[in-house]
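Number of protein chains: 2
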Amino acid sequence: MAESERVPAERKRRRPTSSGVVLSADLIVDAACELIDSQGAQAFTVRKLGAALGADPSAVYRYFRNTEDLLLAVADRLIGESMAGFAPSGDWAADLRDLVLRAYRSALRHPQIAVFSTVRVTGRPHEQRAVDTGIGLLLQAGFDDATAVRHYHTLVDTALGHAAVDAGVMRLAPAQRAADEQAWQDEYGSLPADEYPSVHRVREHLTLMGGSAVEPTLDLLIAALRREVAQRAE
Amino acid sequence: MAESERVPAERKRRRPTSSGVVLSADLIVDAACELIDSQGAQAFTVRKLGAALGADPSAVYRYFRNTEDLLLAVADRLIGESMAGFAPSGDWAADLRDLVLRAYRSALRHPQIAVFSTVRVTGRPHEQRAVDTGIGLLLQAGFDDATAVRHYHTLVDTALGHAAVDAGVMRLAPAQRAADEQAWQDEYGSLPADEYPSVHRVREHLTLMGGSAVEPTLDLLIAALRREVAQRAE
DNA sequence: ATTCTTGTGTCAACGGTGTTGACGTAACCT
DNA sequence: AGGTTACGTCAACACCGTTGACACAAGAAT
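Protein chains in written order, with our numbering: chain A, 1 to 234; chain B, 1 to 234.
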């Protein structure tokens, strides 16, 4: 899991910072994750990262070329984390749901990263393992090769897409986010019946628009796949 | 969400800027769209917007509370564009597919905007119209109120999620994008059969991972909805 | 033990950002 | 004609990412 160092992987001189911390690429990635998780991605800045580390912000540039480079290293760690502990049960549909939901959750854990890390093919070991596992489950279900690939693509892009959307919501400051959910009641709950009949009719249920839609979506997709398999068996 | 206007919708005093332009909220949104489309979302700043308008950057704050507020207006314009020309056929499933695909396409037509605009509840007129139409189609299909809302949420978030993912790909430089698609063949096409049996088996079909997965996804979702309605009717 | 090299933490600075408050002036109302 | 005030402008603030110069301690060489 190498990072894109500007510096040989192994460091010899470990000079502690003025506050006594001994820096390393791993430690910086740790701190970055923590910062993003606790403060929200919006709050992530190199300067705050430096403060959290107890080091001058510019020290980060001894380990990463720039902010994007650092965020890629964080994304790299994500892929590994998300698949840790995945244990197939034997039910292909349930396992697929679990696998894809893991990708979603770990992407969502770091919202800012999710937006750009979901579009690149990393080709790294963890990604390769995940792809093989997912396609394997679809083959096990009985789909032919091409269909398995197509369906895998569908599931993964859907999960990552939802992650990107939901990540955007997470990026908002908590107060802003609350206001946004409230908006469904405030702005939509009181639309006039003559101009917006459907919205008016369902106004009691608009809070359902608040949370994430991943799980309902995956449930529908997997139900459709299950049915496809069943029909094929007839 | 709070009103975007800090000012009554209709303006009386139209004082031209020092360069002779007469500002308006619409004109500012125009300029913002143009700027983002041509230069990329990264390049969008209030100061550049001011320069493009031939006005002091801070003039923007007479029309929008802050940048976020302006971007919501941009997002709503996109929704409006996408809905222009939508004509329901009477087949709720086909109409839903069309409606949602329109949202996807217009988001994708402006990849730079899509990345952030897919994320917020704008609460603005165009969005309200689209929401009412979509939920109306689901009610017409026979779903109860709460279920209609849930399914609408599912469809919209899915389409916008795919737009976000696919827009991310579009943003890559063409060379980069080609390399990324090639990676599916290069990196995955030659994985050893013993370690990655499933990927190895489907290696002929990995190019299917290239394009967008929206349509297959929507087809699966709508098939699931159709079946739900059919079962309810029994 | 002393010197030398160099990796690396620090500091100051640059040019950028969004946003705000004061200010004057032109556009409308009476 | 005069008064109000909307709104464009300006200057300033507090941030941001990033860089180049610098000091110094860790390890190597002697």
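Think of the CB as a built atom: it goes at the ideal place given N, C-alpha and C, for glycine as much as any other residue.
What's the C-alpha gap between residue i and residue j?
i: V131 of chain A; j: Y63 of chain B; result: 48 Å
i: D166 of chain A; j: M209 of chain A; result: 12 Å
i: V156 of chain A; j: H126 of chain A; result: 15 Å
i: L96 of chain B; j: L218 of chain A; result: 18 Å
i: I135 of chain B; j: P16 of chain A; result: 60 Å
i: S38 of chain A; j: A114 of chain B; result: 27 Å
i: Y188 of chain A; j: F143 of chain B; result: 20 Å
i: R109 of chain B; j: L71 of chain B; result: 17 Å
i: V22 of chain A; j: A32 of chain A; result: 16 Å
i: D145 of chain B; j: L137 of chain B; result: 12 Å
i: E215 of chain B; j: R201 of chain B; result: 25 Å
i: D98 of chain A; j: P88 of chain B; result: 37 Å
i: V227 of chain A; j: R105 of chain B; result: For clarity, residue 227 of chain A is Arg in the given sequence; the question names Val instead. Rounded to the nearest angstrom, the two C-alpha atoms are 29 Å apart.
i: A159 of chain A; j: T158 of chain B; result: 9 Å
i: A94 of chain A; j: A103 of chain A; result: 15 Å
i: R14 of chain B; j: H153 of chain B; result: 41 Å
i: I36 of chain B; j: K48 of chain B; result: 11 Å
i: V199 of chain A; j: A224 of chain B; result: 23 Å
i: T122 of chain B; j: V100 of chain B; result: 17 Å
i: D194 of chain A; j: T67 of chain A; result: 51 Å
i: E81 of chain B; j: E34 of chain B; result: 14 Å
i: A179 of chain B; j: G211 of chain B; result: 14 Å
i: P197 of chain B; j: A213 of chain B; result: 24 Å
i: P8 of chain A; j: S190 of chain B; result: At P8 of chain A the pLDDT is 48, less than 50, meaning the model places this residue with poor confidence and gives no usable figure here.
i: R6 of chain B; j: H162 of chain B; result: The pLDDT assigned to R6 of chain B is 45, lower than 50, so where the model puts this residue is not dependable; a value taken from the coordinates is nonetheless given after this. Roughly 34 Å between the two C-alpha positions.
Quick check: is the beta carbon of residue i nearer than 8 Å to any beta carbon in chain A?
i: R227 of chain B; result: yes
i: D157 of chain B; result: yes
i: L101 of chain B; result: no
i: A55 of chain B; result: no
i: S38 of chain B; result: no
i: V46 of chain B; result: no
i: A41 of chain B; result: no
i: V123 of chain B; result: Here the sequence assigns Gly to residue 123 of chain B, which means Val is not the residue at that position. Chain A contact via Cβ: present.
i: A223 of chain B; result: yes
i: A178 of chain B; result: no
i: M209 of chain B; result: yes
i: L49 of chain B; result: no
i: L220 of chain B; result: yes
Does the beta carbon of residue i come closer than 8 Å to any beta carbon on chain B?
i: T217 of chain A; result: yes
i: L108 of chain A; result: no
i: E68 of chain A; result: no
i: A2 of chain A; result: Because A2 of chain A sits at a pLDDT of 38, beneath the cut-off of 50, its placement in the model cannot be relied upon, and the following sentence gives the value as read from the coordinates. So, not an interface residue.
i: G161 of chain A; result: yes
i: V165 of chain A; result: yes
i: E234 of chain A; result: no
i: H126 of chain A; result: no
i: A213 of chain A; result: yes
i: E204 of chain A; result: yes
i: T154 of chain A; result: yes
Under 7 Å: does the beta carbon of residue i sit that close to some heavy atom of the ligand HEM?
i: E234 of chain A; result: You won't find the ligand HEM in this model; it holds no ligand whatsoever.
Report the CB separation of residue i from residue j in whole angstroms; it is logged as a contact under 8 Å.
i: Q185 of chain B; j: L206 of chain B; result: 6 Å
i: A75 of chain B; j: A164 of chain A; result: Contact doesn't hold; Cβ gap of about 15 Å is too wide.
i: L78 of chain A; j: A107 of chain A; result: 7 Å
i: L221 of chain A; j: L27 of chain B; result: Actually they do not touch by this definition, with Cβ atoms about 43 Å apart.
i: M83 of chain B; j: R150 of chain B; result: About 22 Å; that fails the 8 Å criterion.
i: V29 of chain A; j: A73 of chain A; result: 5 Å
i: G54 of chain A; j: S19 of chain A; result: 4 Å
i: V229 of chain B; j: A141 of chain B; result: 6 Å
Give, in chain order, every residue of the segment 71 to 96 of chain B whose Cβ lies closer than 8 Å to some Cβ of chain A.
none
Within 7 Å of chain B by C-beta, residues of the segment 128 to 151 of chain A in sequence order
Q128, V131, D132, I135, G136, L139, D145, A146, A148, V149 and R150
Just list the beta strand (DSSP E) runs in the segment 118 to 145 of chain B, keeping only unbroken ones of 3 residues or longer that don't cross its boundaries, in chain order.
none
Contiguous alpha helix (DSSP H) assignments of at least 4 residues, all confined to the segment 5 to 65 of chain B:
25 to 39 and 46 to 53
Taking a cut of 9 Å between CB atoms, which residues from the segment 181 to 201 of chain A lie near chain B?
E181, Q182, A183, W184, D186, E187, Y188, L191, E195, Y196, P197, S198, V199, H200 and R201
Please list the segments of the beta strand (DSSP E) lying wholly inside the segment 69 to 121 of chain B, counting only runs of 3 or more residues, in order along the chain.
none
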